[in-house]
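Q: Here it is, the structure, as structure tokens.
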Amino acid sequence: SYLDFEDWREQSTVSWGMAFARGITALQRGADGAELLTIAAVTDDFFSVMGVRPLLGRTFLRDELRGGTRPMVLPHGVWTTRFGADSSIVGRTIDVGEGGATVVGIMPPGFDWPEWAQAFVPLATLTGGDRASLERRDFRVDNRVVARLSPGATLESARTELRSISRRLSDAFPETNLG
Numbered sequence: 048s049y050l051d052f053e054d055w056r057e058q059s060t061v062s063w064g065m066a067f068a069r070g071i072t073a074l075q076r077g078a079d080g081a082e083l084l085t086i087a088a089v090t091d092d093f094f095s096v097m098g099v100r101p102l103l104g105r106t107f108l109r110d111e112l113r114g115g116t117r118p119m120v121l122p123h124g125v126w127t128t129r130f131g132a133d134s135s136i137v138g139r140t141i142d143v144g145e146g147g148a149t150v151v152g153i154m155p156p157g158f159d160w161p162e163w164a165q166a167f168v169p170l171a172t173l174t175g176g177d178r179a180s181l182e183r184r185d186f187r188v189d190n191r192v193v194a195r196l197s198p199g200a201t202l203e204s205a206r207t208e209l210r211s212i213s214r215r216l217s218d219a220f221p222e223t224n225l226g
């Protein structure tokens with residue numbers, strides 16, 4: 048859950064950075080009709096933790112919210128297939144979900160995590176039920192966590208630390224975290 052992620056990130060000493068991605072779906076409406084778009088709502092530091100820079104434009108600014116229109120970053124494949132690799136899409140608002148999203152960047156070819164993501168928006172822009180799910184420790188549907196290890200840390204030390212944190216969470220929240 049997002050709440051577990053926050054605890055992992057706060058208590059981890061072996062990770063240089065830890066980011067969260069939550070899958071949501073929305074309709075993208077255009078001249079050719081509407082298509083379902085699978086979106087990764089991500090923490091502000093997602094792209095830096097992943098160690099990737101955009102091919103065009105930029106990624107998200109910390110805590111970015113602009114007048115009800117959320118910023119969006121597109122994967123290279125979606126930019127190519129749905130938008131014809133048109134570089135003028137950067138800065139344009141597209142009709143997605145309830146309202147619009149302003150495309151602020153295009154990711155480079157080969158960046159495809161999570162593999163189902165057809166767009167990225169800041170987690171901070173979620174509303175309604177999507178936002179409410181972040182406050183539930185028992186909500187674990189379509190959530191992903193990625194971490195980058197600190198220099199000198201090993202995968203085994205990270206596993207050991209996360210097991211220890213998970214045990215503490217299990218003790219503190221047995222109704223949602225036991226086992």
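Residues 48 to 226 (our numbering) make up the sequence shown, in order.
Ideal Cβ placement from N, Cα and C applies to all residues, glycine included.
1. Report the option in D91, A81, L84 whose CA atom is closest to the CA atom of M65.
2. Taking all protein chains shown into account, do 16 or more other C-beta atoms lie within 10 angstroms of the C-beta of P122, making it buried, or fewer, making it exposed?
3. Nearest to L209 by CA position, among L181, Q58, W63, G147, is which residue?
4. Quick check: the stretch 164-171 against the stretch 88-103, are there 3 or more CB pairs under 8 Å?
5. Nearest CA to the CA of G144: which residue from N224, T72, Y49, S62?
6. Give every residue of the same chain whose Cβ lies closer than 6 Å to the Cβ of T223, excluding the five residues on either side of it in the sequence, and list them in chain order.
7. Going by CA-CA distance only, name the one from G104, G80, F52 that's closest to F67.
8. Taking the alpha helix (DSSP H) that W55 belongs to, which residues open and close that run?
9. Indicate whether Y49 and S217 have their beta-carbon atoms separated by less than 9 Å.
10. Would you list the residues sitting across from G104 in a DSSP beta bridge?
11. Nearest CA to the CA of F94: which residue from L83, R129, M119, Q75?
12. Taking 6 Å as the limit between beta carbons, can you name the residues of its chain near R105, skipping five residues before and five after?
13. So what's F67 in DSSP terms, helix, strand or just coil?
A: On the basis of the coordinates in this document:
1. The residue labelled residue 65 in the question sits at position 18 within the sequence shown. Checked all of D91, A81, L84; the closest Cα to M65 is D91.
2. As a working note, residue 122 is residue 75 in the sequence shown. Looking at its Cβ environment, which holds 16 or more other Cβ atoms inside 10 Å, P122 is buried.
3. Start at 1 with the first residue of the sequence shown, and residue 209 comes out as number 162. Closest by alpha carbon: Q58.
4. yes
5. For the purposes of this step, residue 144 is taken as the residue at position 97 of the sequence shown. Of N224, T72, Y49, S62, the residue nearest in Cα terms is T72.
6. The residue you call residue 223 lines up with position 176 of the sequence shown. If the five residues before and after T223 are omitted, its C-beta is found closer than 6 Å to the C-beta atoms of R184, D185, all from its own chain and listed in chain order.
7. Here residue 67 is taken as the residue at index 20 of the sequence shown, counted from 1. Out of G104, G80, F52, F52 has the C-alpha closest to the C-alpha of F67.
8. Against the sequence shown, residue 55 aligns to sequence position 8. Unbroken alpha helix (DSSP H) run through W55: 49-58.
9. Numbered from 1 along the sequence shown, position 2 holds the residue referred to as residue 49. Numbered from 1 along the sequence shown, position 170 holds the residue referred to as residue 217. No, they are not a contact pair.
10. Position 57 of the sequence shown, counting from 1, holds the residue named residue 104. For G104, which the question treats as bridged, DSSP gives the partners G152.
11. For the purposes of this step, residue 94 is taken as residue 47 along the sequence shown, with counting starting at 1. Here the closest residue by C-alpha is M119.
12. Residue 105 sits at position 58 when you count from the first residue of the sequence shown. Result list for R105: V151, G152, in chain order.
13. Here the question's residue 67 lines up with position 20 in the sequence shown. Reduced to three states, the DSSP call for F67 is strand.
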